[in-house]
Amino acid sequence: MRVGIYHGDKWDSLYDKFDESKVEVLADVDNLDFSDRLLKINNKLYTLNSLNRKNNFATVKEVEIHTDNRELSFEDNITCPYCNWEDVDSWEQKDDEDTIICSNCGGEFDYIRYVTVEYDSIPKKAPKVKEL
Ligand SMILES: [Zn+2]
Numbered sequence: 046m047r048v049g050i051y052h053g054d055k056w057d058s059l060y061d062k063f064d065e066s067k068v069e070v071l072a073d074v075d076n077l078d079f080s081d082r083l084l085k086i087n088n089k090l091y092t093l094n095s096l097n098r099k100n101n102f103a104t105v106k107e108v109e110i111h112t113d114n115r116e117l118s119f120e121d122n123i124t125c126p127y128c129n130w131e132d133v134d135s136w137e138q139k140d141d142e143d144t145i146i147c148s149n150c151g152g153e154f155d156y157i158r159y160v161t162v163e164y165d166s167i168p169k170k171a172p173k174v175k176e177l
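Just so we're aligned, residue 46 is where the sequence shown starts under my numbering, counting upward by one.
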């Protein structure tokens, strides 16, 4: 079964009404599934964004993969050190530390969650002054 691979920015036209003649095929493969998160096509790296088995097409997005062991610190959300994908639902992770697999590129990395406590002070009643 042939699967056509297209740029993710053509998503709307592919999803609403699949018309292969309107989009450029990046590649054709015999089979594809979501274990194939990272694809190399014509020396460029892409992540697999969608897979439509009914019409046998997939959409991909070009990605830069960092393999220099960089660490990301104090980000607002869990962010993949390989592809910069940001998990906007990071708060759903139940543990404060864990190893996860990036759902964008398939890279595996550790995260640590830091929780800070802050306080507000709102005036209610000024202190009494005893004049002597
Ligand atoms: Zn990633």
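Backbone N, C-alpha and C fix where the C-beta goes; we use that ideal spot for every residue, glycine too. Predicted, not measured: the structure shown is a model, and the values here were computed from it.
Item, Value
"heavy atom of ligand 1 below 7 Å from Tyr127 C-beta", "yes"
"Phe102, buried or exposed, once every other Cβ within 10 Å from all chains shown has been counted against 16", "buried"
"Close Cβ partners of Leu117 (< 8 Å) along its chain, the five nearest in sequence each way excluded", "Thr124 and Pro126"
"Cβ neighbour criterion (16 or more within 10 Å) applied to Leu177", "exposed"
"Bridge partner(s) assigned by DSSP for Thr92", "Leu83 and Lys106"
"beta-carbon Asn122 near ligand 1 non-hydrogen atom, thresh 7 Å", "no"
"Cβ neighbours of Thr144 in the same chain (closer than 6 Å, five flanking residues each side left out)", "Asp155"
"heavy atom of ligand 1 below 7 Å from Gly53 C-beta", "no"
"Beta-carbon gap between Lys85 and Asn94 smaller than 8 Å", "no"
"Glu136 CB to nearest heavy atom of ligand 1 below 7 Å", "Before going further, note that residue 136 is Trp rather than Glu in the sequence given. False, no ligand heavy atom lies under 7 Å from that Cβ."
"Chain-order list of residues whose beta-carbon lies under 8 Å from that of Tyr51 (same chain, five-residue window excluded)", "Leu59, Val68, Glu69, Val70, Leu71, Phe102, Ala103, Thr104 and Val105"
"Reduced DSSP secondary structure (H/G/I, E/B, other) of Glu142", "strand"
"Neighbourhood of Asp132 by C-beta, 7 Å cutoff - its chain only, sequence neighbours within 5 removed", "Asn122 and Ile123"
"Euclidean distance between Cα positions of Glu163 and Lys173", "28 Å"
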